[in-house]
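Engineer:
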Amino acid sequence: MRLRVLAVGQKMPAWVDQGVAEYARRIPREVSVEWLDIPPAKRGAATPAQYREQEAEAIEARLKDKDYVVALDITGKAVSTELIAERFDQWQMQGEQVSILIGGPDGLHPQILKGAKERWSLGQITLPHPLVRVVLAEQLYRAWSVQAGHPYHRGN
């Protein structure tokens with residue numbers, strides 16, 4: 010399995026980079042997780058819809074034809090750690106190339122959401138997109154720990 014996280018945004022605060030790096034360090038090397046920054050649209054006179062369209066083009070340029078795309082979106086399916094662990098296991102068994110998408114401040118373009126195989130919500134609260142990176146990194150590590158029987162996850 011190859012897992013890529015495509016996140017709109019650049020120059021994250023140090024605490025974001027440190028948080029993502031910490032959880033990435035904990036995941037074994039046989040689980041390849043690559044984090045890619047997608048440059049955000051330049052803010053100016055354009056509308057949020059135009060920003061999302063520009064960012065969608067940049068995202069699509071980085072996606073590969075065989076990618077199993079998961080888009081993070083507040084309107085997506087609420088996911089649990091256990092569901093993420095199940096998906097992790099399925100993806101590994103099927104040798105999937107997975108791309109998880111994190112939108113910028115204006116979210117993801119509707120065409121990106123429509124083209125995704127799954128849409129996940131990390132909850133009904135609005136999270137700043139830099140924080141989503143850390144939350145996702147932790148959940149990916151936690152999903153691996155559930156799958157591996159590691160004691161990090163103490164859920165049901």
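In our numbering, the protein residues as written are 10 to 165.
Each residue gets a CB set at the ideal place from its N, CA and C atoms; glycine is no exception.
(1) In chain order, which continuous runs of the alpha helix (DSSP H) of length 4 or greater are located wholly inside the region 80-127?
(2) Below 6 Å, is the gap between the Cβ of alanine 125 and the nearest heavy atom of the ligand ATP?
(3) Answer with buried or exposed for proline 160, where buried requires no fewer than 16 other C-beta atoms within 10 angstroms of its C-beta.
(4) Out of curiosity, what's the CA-to-CA distance linking serine 108 and aspartate 76?
(5) Would you report the Cα separation of leucine 149 and alanine 94, rounded to the nearest angstrom?
(6) Measure how close the beta-carbons of isoleucine 68 and isoleucine 47 come, nearest whole angstrom, since I'm counting them as under 8 Å.
Structural biologist: Taking the coordinates as given:
(1) DSSP assignment within the region 80-127 yields the following whole alpha helix (DSSP H) runs of 4 residues or more, N-terminal first: 90-103, 119-124.
(2) This structure simply doesn't include the ligand ATP, nor any ligand for that matter.
(3) With fewer than 16 other Cβ atoms within 10 Å, it is exposed.
(4) Within the model, the alpha-carbon separation for serine 108 versus aspartate 76 is close to 6 Å.
(5) If I take the Cα positions, the gap works out to 8 Å.
(6) Indeed, because the Cβ distance is near 6 Å, the residues count as touching under 8 Å.
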